[in-house]
Amino acid sequence: MCKPDNIQKLSMFVSFMKVIEAISLISIGSMLASTLGSTLEFQLAYGARVVDIAGGLILAGLLLLFGSCIGHIGSQRHNKCLLLCIAAWDTIVLIIHLALAAGLLSLTISNYDAEFRDECVRNSPGVSRDKCNAYAKSDRYLGMKMVWAAKFKSALSDPNDINTMQIWEADNKCCGFGAPKRCVEDEGDIPDYLSIEGVPKKYAAQGTVCGDLGDWYPGTALDSEYECEQINADDVVGGCKFEMPAGPCKIETVEGSSIGCASWLQTRMDGDMILRGYVVYALAFFEVMSILLSCCHCWKRREIETLPAYLEAEPWDPYTNGGKMKPKINEIELVDE
Numbered sequence: 000m001c002k003p004d005n006i007q008k009l010s011m012f013v014s015f016m017k018v019i020e021a022i023s024l025i026s027i028g029s030m031l032a033s034t035l036g037s038t039l040e041f042q043l044a045y046g047a048r049v050v051d052i053a054g055g056l057i058l059a060g061l062l063l064l065f066g067s068c069i070g071h072i073g074s075q076r077h078n079k080c081l082l083l084c085i086a087a088w089d090t091i092v093l094i095i096h097l098a099l100a101a102g103l104l105s106l107t108i109s110n111y112d113a114e115f116r117d118e119c120v121r122n123s124p125g126v127s128r129d130k131c132n133a134y135a136k137s138d139r140y141l142g143m144k145m146v147w148a149a150k151f152k153s154a155l156s157d158p159n160d161i162n163t164m165q166i167w168e169a170d171n172k173c174c175g176f177g178a179p180k181r182c183v184e185d186e187g188d189i190p191d192y193l194s195i196e197g198v199p200k201k202y203a204a205q206g207t208v209c210g211d212l213g214d215w216y217p218g219t220a221l222d223s224e225y226e227c228e229q230i231n232a233d234d235v236v237g238g239c240k241f242e243m244p245a246g247p248c249k250i251e252t253v254e255g256s257s258i259g260c261a262s263w264l265q266t267r268m269d270g271d272m273i274l275r276g277y278v279v280y281a282l283a284f285f286e287v288m289s290i291l292l293s294c295c296h297c298w299k300r301r302e303i304e305t306l307p308a309y310l311e312a313e314p315w316d317p318y319t320n321g322g323k324m325k326p327k328i329n330e331i332e333l334v335d336e
């Protein structure tokens, strides 16, 4: 197994897998850096750091492609200098690789767990409203709101998006983004590092915008079909009881258990990001294998550094039984003397 020929064949396979790994890293990085379609959601939710990590993944992929070529040449020629260089190269790339994977996972770290978030986006929360207000002003909450608002705006021109939002609400039994009929005005700015591309101006201008009646949200007025301009008991238009609802939610009755989709959306986005982080971690396996094989192959002697087989083999004696030379007793004694 540890013969140079076997190591060389295994190195060829690992080099091929490193090319696949490099393409995967470049693909993941390009997707995170893209502003097309749903891929923009990651930048809206997590901000500019996503773009930085995406650039790092693309760079790591390119470095791996270069390293795979050098590693293949070094393995084929059993060039110890190249093998040592590629081992050092892959070690550096591996460190960068693991740091980027950790960076992806760190984006999902939150000060508020899912159970707390679920309570905070209810009409009648089972936790402190002051703590819920702090959660509603957190960067993570605002990032998720940018995702929802951008999707809501795109529904004006894309029926698929409004259909997607209706499915989100129906499948998760939630309506709108924030806590139903519990709007708290937040005049703070959206953090600079969060993207606001495709977000309606009134939602990009400040943290939370409320409607004409205290705890109501602004009317959405998407169009005649999806418009949400509700009235109170005195027939006064107060805006919308839900924050940017889609479809049937615009006419739902608010109850104590009514819940917004903010917590679910964060769980979904975090889950997608965690999956990508673990995929990036898993891809590092081939770099580890490359480092080990390069070191092992370098340690092995090259063919020109070994004696020919005919010199190492026991001489053939055609006059003895079996052809093997056996020294005579007298010759042994003579040598001993």
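In terms of numbering that gives the first Met the number 0, the sequence shown opens at residue 0 and continues consecutively.
From the three backbone atoms N, C-alpha and C, an ideal C-beta is built for every residue, glycine too.
Local Cβ density within 10 Å of residue i, reported as buried at 16 or more and exposed below that
i	result
residue 10	buried
residue 217	buried
residue 17	buried
residue 175	buried
residue 219	buried
residue 285	buried
residue 75	exposed
residue 294	exposed
residue 80	exposed
residue 274	exposed
residue 46	buried
residue 252	exposed
residue 35	exposed
residue 135	buried
residue 15	exposed
residue 20	buried
residue 202	buried
residue 50	buried
Option nearest residue i by Cα separation, candidates the options
i	options	result
residue 32	58, 7, 105, 8	58
residue 98	126, 282, 151	282
residue 162	42, 44, 244, 118	244
residue 264	276, 92, 148	148
residue 179	87, 114, 123	123
residue 248	129, 84, 177	177
residue 12	193, 79, 289	289
residue 54	242, 29, 159	29
residue 95	48, 137, 280	280
residue 68	44, 85, 22	85
residue 6	211, 194, 71	71
residue 40	115, 166, 196	196
residue 192	23, 22, 254, 48	48
residue 128	181, 106, 167	181
residue 131	202, 111, 143	111
residue 167	206, 246, 42, 38	246
residue 206	212, 140, 250	140
residue 291	87, 52, 64	87
Residues sharing a beta bridge with residue i, DSSP
i	result
residue 216	239
residue 207	185
residue 121	258
Whole-number beta carbon distance between residue j and residue i, since they are thought to touch under 8 Å
i	j	result
residue 92	residue 145	In fact, because the Cβ distance is near 33 Å, the residues do not count as touching under 8 Å.
residue 66	residue 25	Incorrect: roughly 14 Å between the Cβ atoms, too far for contact.
residue 116	residue 256	Not confirmed; about 15 Å, so no contact.
Residue-chain proximity (residue i, chain C), Cβ-Cβ < 9 Å
i	result
residue 270	In the structure shown, chain C cannot be found, because there is only a single protein chain.
Any non-hydrogen atom of the ligand MG within 8 Å of residue i CB
i	result
residue 120	Summarising the ligand content, the structure contains no ligands, and the ligand MG is consequently not present.
### Query
With contact counted as at least three CB pairs below 8 Å, one residue from each stretch, are the stretch 255-269 and the stretch 165-181 in contact?
yes
### Message
Counting beta carbon pairs with one atom in the stretch 88-103 and one in the stretch 148-167, are three or more of them shorter than 8 Å?
### Response
no
#### Entry: Three-pair Cβ contact test at 8 Å for the stretch 181-190 versus the stretch 266-283
no
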